[in-house]
Amino acid sequence: MFLRNMWYVAAFSADVQPGKCLARRFLDEPVVLFRTQAGRLSALIDRCSHRAMPLSAGHVDGEVIRCAYHGLEFSATGACERIPGQQRIPVAAHVRAYPVVERDALIWIWMGDPDKADPQAIMANPEHQDPAWSWRPYTMHVKANWQLLVDNILDLTHVAYIHANTIGGSPQTHFSADVSVQFDGEQVTLLRKMPDSVPPRTYVAAGGFKGRVDRWQQVQYRPAGGNVLRVNAGACDVGTGAYEGRRDNGFVLLNVHGVTPETATTTHYIWTICTNAARESGVPELLFDQFHETICEDERALQAQQSRISDTPDMRFVGISSDGAVNRARMLLDAMQQAEAAAQHQTVADAAVRLPA
Ligand code: FES
Ligand SMILES: [Fe+2]
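Just so we're aligned: 344 in this note's numbering is position 260 of the sequence shown, and the numbers increase by one with no gaps anywhere.
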């Protein structure tokens, strides 16, 4: 299942330098991202209109991308600007352009109806621009359906098992957590409180805690905001106000997980880890390395799951009580897909009405 009318993280801004292009498949469509020499960003279908050569095999030259096969040139809007050896340029020579936006060091792409693309909907990630935060970017190609990646983050009880060697802490801490799931019609928010708990060793290294801590994990998932999950996790010394919003003296680890479908069984996992831990302490670098290992643990689990799902396509999942946020998100995504399908049928019906008898 793909949702077309929403933003997705396509890449980091730094991945597409002036004069360069990047080929990626999104929602099973081949796309070429490129940046002109003047710095204009573009996303076009990665298929030349002449004989279907991938445009990503060509070159960015000034303000156009030139097809490697017979030299047709396309502007950032997808307009065919030049056909070597002829003056007339057929209208059909243009190629599809996708709306793209750059914000918070990320490139966002809209694969659906361009008239519905509203950049205001994109979730803000201001930590990428804030000097008080250190962060590191990662791009992974995960051989699993994108919804499994969303599920993974919305059920953090897996932390005690999949991440026992990194950020896990004791299973008891996770299962006795005070969990609440909120839904406002567009966003699922999962909040887990783990008061008076023993900090995992990563947290001790980062926060310098001497004793027990009040720990939290909060996940925000608003698909229409770019299919990003923001996970804010951290800890403060016990009783210092973590649950009343006083977290400034604590340690905060923020993950921005961009989950962008490539195909039905593969996903671009474009994520960052950000922290307020003091840079000069050397802790952020340590954390980034440890957290990368943590996400690799997720990746191995997700790929193993996908492998079994592909082996047993007719079998269903069984629900358990920790699935609350996962179920809420899946219901939201199903509703969004039904709305898209209904709008699509309406468009087809309207077009049929306009056909001459
Ligand atoms: S296939 Fe691109 S110019 Fe011919
Ligand atoms: Fe995980």
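Built from N, CA and C at the ideal position, the CB exists for glycine as well.
Just so it is clear, the structure is predicted and the values come from calculations on it, not from any experiment.
Check: At a cut of 8 Å, does the stretch 302 to 317 reach the stretch 202 to 209 through at least three beta carbon pairs?; Outcome: yes
Check: State whether the stretch 356 to 376 contacts the stretch 279 to 295, with contact taken as three or more CB pairs (one from each stretch) at a distance under 8 Å.; Outcome: yes
Check: Check LYS294 in the structure and name its three-state DSSP category.; Outcome: coil
Check: Kindly examine ligand 2 and report whether one of its heavy atoms sits closer than 7 Å to the Cβ of THR378.; Outcome: yes
Check: Can you list every residue whose CB sits closer than 7 Å to some heavy atom of ligand 1, going in chain order?; Outcome: CYS132, HIS134, ARG135, ALA136, MET137, CYS151, TYR153, HIS154, GLY155, LEU156
Check: Just how far apart, CA to CA, sit TRP230 and VAL343?; Outcome: 6 Å
Check: Along the alpha helix (DSSP H) that carries ALA35, what are the first and last residues, could you check?; Outcome: Summary: the structure shown does not reach residue 35, with the chain confined to residues 85 through 441, and so no result is reported for it.
Check: Got a sec: does ligand 2 put a non-hydrogen atom nearer than 7 Å to the Cβ of ILE246?; Outcome: yes
Check: Would you say LEU416 and VAL272 are within 8 Å of each other, going by their C-beta atoms?; Outcome: yes
Check: According to DSSP, is CYS132 part of a helix, a strand, or is it coil?; Outcome: coil
Check: In this structure, does DSSP put THR344 in helix, strand or coil?; Outcome: strand
Check: Scan the stretch 210 to 295 and note each continuous beta strand (DSSP E) run of 3 residues or more that stays entirely inside, going in chain order.; Outcome: 218 to 226, 262 to 267, 272 to 281
Check: When DSSP labels each residue in this structure, what does VAL144 get in the three-state scheme?; Outcome: strand
Check: Is it a yes or a no for the stretch 218 to 225 touching the stretch 318 to 331, going by three-plus beta-carbon pairs under 8 Å?; Outcome: no
Check: For the beta strand (DSSP E) containing GLU186, name the first residue and the last one.; Outcome: 184 to 187
Check: Going by Cα to Cα distance, which pick from HIS352, CYS132, VAL402, ASP395 is closest to ARG108?; Outcome: HIS352
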